[in-house]
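Residue numbers (my numbering): 140 to 348.
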């Protein structure tokens, strides 16, 4: 079995149901930072900064088809490793995303954040903005705010940072595709659009059978 690490340094309004759960997430299990069936044979980890416009591009251009073609059928899980490469606003956003993950609502939060993404480090990521995004995502806002400086939130952030360092991730979005017991290998991704990762995922799934 071979695992792939997909790395990209390439340089996004969709409808949402009440509570911030967009159509692409409806009915899909979430646990912590992971979206998809626990028993899926492959996991695609996205290393992302919520301020990154290319991460937003990937979320709107590629994630819906990944969910429809791979996550819903139980072939793939998506794991979101939140990073803070771009400055103070990224750090605030990352903490709130990690707090949302403690309520199993991270992917809803990410979806809502990218719909409302502002200009990098313009100061827009304040408590009011994060509270509004969290509310759209169906997060218990009071609980999330209370947990921003908790050991549990810090652990989510530390795990993401450690995984990024281990793989040599230095740009966002970057991706890691793997499965249990599979050593990774690096692959360059040239586009952030629908279908851009399909060939690599299909190859991995074929080898995992």
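Even for Gly, the Cβ is constructed at its ideal location relative to N, Cα and C.
**Study point:** Nonlocal neighbours in the same chain, by C-beta distance under 6 Å from residue 190, ignoring five residues either side
**Key:** Excluding the 5 residues flanking it on each side, residue 190 has same chain C-beta neighbours closer than 6 Å at 225, 228, 229, 259, in chain order.
Review point. In terms of DSSP beta bridges, what is residue 181 paired with?
Key: 215
Practice item. Compute the Euclidean distance between the alpha carbons of residue 279 and residue 194, then round it to the nearest angstrom. Key: 25 Å
Practice item. Use the C-beta contact count for residue 201: other C-beta atoms within 10 angstroms, 16 or more gives buried, fewer gives exposed. Key: Residue 201 should be labelled buried.
Check your understanding: In terms of residue numbering, what span does the beta strand (DSSP E) encompassing residue 241 cover?
Key -> Note, residue 241: premise wrong, no beta strand (DSSP E); not H, not E.
Review point. Given that a residue counts as buried once 16 or more other Cβ atoms are within 10 Å of its Cβ, and exposed if not, what is residue 137?
Key: As shown, the chain starts at 140 and ends at 348. That puts residue 137 outside it, with no answer to give.
Point to revise | Where the beta strand (DSSP E) through residue 299 begins and ends | key: Premise fails: residue 299 lies in the alpha helix (DSSP H), 290 to 306, not in any beta strand (DSSP E).
Point to revise | residue 273, enclosing alpha helix (DSSP H) - first and last residue | key: 266 to 275
Check your understanding: Thinking C-beta only, is residue 234 closer than 8 Å to residue 390?
Key -> The question about residue 390 has no answer here: the residues shown for the chain are numbered 140 through 348.
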